[in-house]
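In numbering that gives the first Met the number 0, the protein residues as written are 0 to 216. Where is the CB? At the ideal position from N, CA and C, for every residue including glycine. Bear in mind the structure is a predicted one, so any value in this text is a computation, not a measurement. In what follows, a structure is listed as structure tokens, so that the remarks can point back to it.
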Amino acid sequence: MTAFRLSLYEDSYSPGAWAEYMTGGSNRLLFCIQGSAGLGEIGSVLRQEAAVCPGLTYVTTGHDGAVVWRWELCRADDEDEIEGAGVTSRLLGSGHLNLDEDRDYLFRCESLGLPPGDSLPPHRLMGPSLTLCMQGEIETKSGDVSRQYSQFDAWFDAGRDLISIEAHDEQPSLMLRGMLLSPVQAGERSSVGLADNGPDDGKSRFEKIHAEGVIAI
């Protein structure tokens, strides 16, 4: 097993900006929250779209610029290697994990929405994740430990412990995850034991896969 680092950045591109992500052996997920971004041969991502980008990634923007959330997976001791112009980045969260370099992984970007007052019973994720609270407020509980997260807070979950989640009482809550799973789990629900039904008042929760792809470590 090898030590890796999974980090989440917010990259803000001014109109006409560009960036080249060259960190050795890295893989990344990109989710466009504002504007649009070109990704060379991969294509492009528009607002609310995501893409899996293995290896060197070249990002460009047009007249509208862009704001992109970037999950960066690399060896724990590697420094980020980036060149660009008109781009500013800020770190939102990170976590360390051990991965087997002799196998492939499924890198996924997914969202989970909870109506006001909804709660998820103790469950376990099928793999490590770095989650961002996009909207509302989230309270997580694992054993006797309780944590509160508000909009744009991020947290790492190694996927080993049972965790319960409670949404804000008066407004919907929305989470966005970057996850590592087994390739055989492509298209499958990532939360073990998460029931399909929502709260008793008929308001439903939702889970959506925005992008996923197999990566080599």
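Check, Outcome
"Specify, as a first and last residue, the run of the beta strand (DSSP E) that THR87 falls within.", "81-98"
"Just to confirm, are ALA18 and GLY64 a CB contact at a threshold of 8 Å?", "no"
"Buried or exposed for HIS95, going by 16 or more other Cβ atoms inside 10 Å?", "exposed"
"Out of curiosity, what's the CA-to-CA distance linking ASP79 and MET133?", "25 Å"
"Identify every residue that forms a DSSP beta bridge with GLN184.", "Per DSSP, none; premise fails for GLN184."
"Hey, ASP99 and MET0: beta-carbon distance below 8 Å or not?", "yes"
"Give me the DSSP bridge partner(s) of ASP160.", "DSSP output for ASP160 lists no bridge partner at all."
"To the nearest whole angstrom, what separates the beta carbons of GLY37 and THR59, a pair I think is in contact under 8 Å?", "4 Å"
"Taking Cβ positions, are ARG89 and GLU211 nearer each other than 8 Å?", "no"
"Look up ILE216 in the DSSP assignment and say whether it is helix, strand or coil.", "coil"
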